[in-house]
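See below for the structure under consideration.
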Amino acid sequence: MTRAETTEPGLPNLSPYFIARFLAYLSDCGVSDATPSPLLGGRSNLVWRLGGIVVKLYGDSHANPLFANDAAREYATLQALNGIALVPELLTSGQFEGHDWLAYRHSPGVTWSSGTAEVAALLGRLHAQPVIPNLPIGVSGSEEIKDQTRSILAYCGDAGDLNRLEPGRKIPAAGRKVLIHGDPVPGNIVTSGGCLTLIDWQCPQIGDPAEDLALFLSPAMQQVYRGAPLTGAEEATFLAAYPDAQITQRYLLLKPWFHWRMTAYCQWRDERDGDQNSLAYRLERAALEACLEHA
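FYI, the numbering for the sequence shown is 1120 to 1414, going by the working numbering.
This is the structure in structure tokens:
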């Protein structure tokens, strides 16, 4: 599995001695004694491949205002979906010196980069799965997205004029909430021989399926993980292939709100990373402004 190379200031700041002890512990308790190879790309956790196994060591679960990093949620979801060709096979989990960890079967393949119709079908299958008990309820509708976006902007030192760009049209909450991934960006989709697998289940929710559509289609997320936003044709193909036309219509109604929230998140990320007006921010903001112009 190839993972895009990114860095994250919130990664666990653990000494080489701690990591050596942890890897020795994995061998001692029978998880794997294969030589570990670090997997790059995680923004919040440390991840290794040990032969046919992937081991994730979790970092701070409260550092991100949009994407949770919850080991218990990931374990519960992989356990509930085990045996379904949507997720990697869960093996085991535990704690080591106060840090959660989880092991699952390695998913062979490469990070998704093309074929939006296949991703639409994948998300449609996910959204048809039974609801998993005890997962948190996600935001739904323009009022809750507004509240979430304002909470993100409150973390920003310089929100600039983003408050002025708040969309005006009110959209009610979804009447039906389903299991959603919560972070189905290209870096979390592995493709092999036409089969797609969703990985990194740290923030699943019971929520509005339009949320997953918005996160996948986000120009910022596509730029960060794939190197370019989707073309208009790729987005249209995705929306046509998603199996529930009512959800795609709901996504289109909420599109300005989703872009506003992601623009705020990009501002927060840029400040956290020491960046300024990143390409991801500019792309997401341009999409927001285009929506507002045609509102």
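Where is the CB? At the ideal position from N, CA and C, for every residue including glycine.
Candidates the options, of which the one nearest residue i by Cα
| i | options | result |
| --- | --- | --- |
| residue 1408 | 1396, 1375, 1391, 1387 | 1375 |
| residue 1192 | 1184, 1342, 1341, 1209 | 1209 |
| residue 1345 | 1172, 1303, 1132 | 1303 |
| residue 1322 | 1314, 1312, 1301 | 1301 |
| residue 1411 | 1273, 1395, 1377, 1400 | 1377 |
| residue 1330 | 1350, 1369, 1271 | 1369 |
| residue 1245 | 1404, 1367, 1200, 1133 | 1200 |
| residue 1138 | 1271, 1190, 1220, 1194 | 1220 |
Straight-line Cα distance separating residue j from residue i
| i | j | result |
| --- | --- | --- |
| residue 1126 | residue 1234 | A caution first: residue 1126 carries a pLDDT of 37, below 50, which makes its placement in the model too unreliable to give a value. |
| residue 1328 | residue 1136 | 43 Å |
| residue 1268 | residue 1213 | 34 Å |
| residue 1392 | residue 1305 | 21 Å |
| residue 1333 | residue 1299 | 12 Å |
| residue 1141 | residue 1179 | 17 Å |
| residue 1324 | residue 1256 | 6 Å |
| residue 1122 | residue 1285 | Low per-residue confidence applies at residue 1122: pLDDT is 35, beneath 50, and the placement is therefore not dependable enough to give any value. |
| residue 1264 | residue 1326 | 12 Å |
| residue 1229 | residue 1266 | 36 Å |
| residue 1261 | residue 1365 | 17 Å |
| residue 1319 | residue 1397 | 25 Å |
| residue 1274 | residue 1162 | 18 Å |
| residue 1335 | residue 1341 | 7 Å |
| residue 1309 | residue 1379 | 28 Å |
| residue 1238 | residue 1287 | 30 Å |
| residue 1289 | residue 1353 | 28 Å |
| residue 1381 | residue 1283 | 15 Å |
| residue 1251 | residue 1196 | 7 Å |
| residue 1295 | residue 1371 | 17 Å |
| residue 1236 | residue 1297 | 21 Å |
| residue 1169 | residue 1414 | 51 Å |
| residue 1350 | residue 1356 | 10 Å |
| residue 1231 | residue 1204 | 16 Å |
| residue 1128 | residue 1183 | Residue confidence for residue 1128 is low, a pLDDT of 42 falling below 50, so the modelled location carries little weight; the figure read from the coordinates is stated next. Going from the Cα of residue 1128 to the Cα of residue 1183 covers about 11 Å. |
| residue 1156 | residue 1166 | 9 Å |
| residue 1317 | residue 1390 | 29 Å |
| residue 1188 | residue 1132 | 16 Å |
| residue 1311 | residue 1276 | 42 Å |
| residue 1215 | residue 1144 | 8 Å |
| residue 1254 | residue 1278 | 31 Å |
Range covered by the alpha helix (DSSP H) that runs through residue i
| i | result |
| --- | --- |
| residue 1266 | 1260-1273 |
| residue 1328 | 1328-1336 |
| residue 1249 | Neither: residue 1249 is in no alpha helix (DSSP H) and is coded neither H nor E. |
| residue 1138 | 1135-1147 |
| residue 1411 | 1398-1412 |
Integer Cβ distance of residue i from residue j, believed to fall under 8 Å
| i | j | result |
| --- | --- | --- |
| residue 1348 | residue 1402 | 5 Å |
| residue 1384 | residue 1242 | That pair is no contact at about 20 Å. |
| residue 1207 | residue 1223 | 4 Å |
| residue 1218 | residue 1176 | 6 Å |
| residue 1240 | residue 1360 | 6 Å |
| residue 1406 | residue 1338 | 5 Å |
| residue 1151 | residue 1172 | 5 Å |
| residue 1386 | residue 1281 | 6 Å |
Element boundaries [beta strand (DSSP E), containing residue i]
| i | result |
| --- | --- |
| residue 1222 | 1218-1224 |
| residue 1314 | 1314-1317 |
| residue 1214 | 1209-1215 |
| residue 1154 | Counting along the chain, residue 1154 falls outside any beta strand (DSSP E), and DSSP gives it neither H nor E. |
- Segments of 4+ residues assigned as alpha helix (DSSP H) that fall wholly inside the region 1169-1204: 1190-1200
- Go through the region 1343-1385 residue by residue and report every complete run of the alpha helix (DSSP H) that reaches 4 residues or more, in order. 1351-1360
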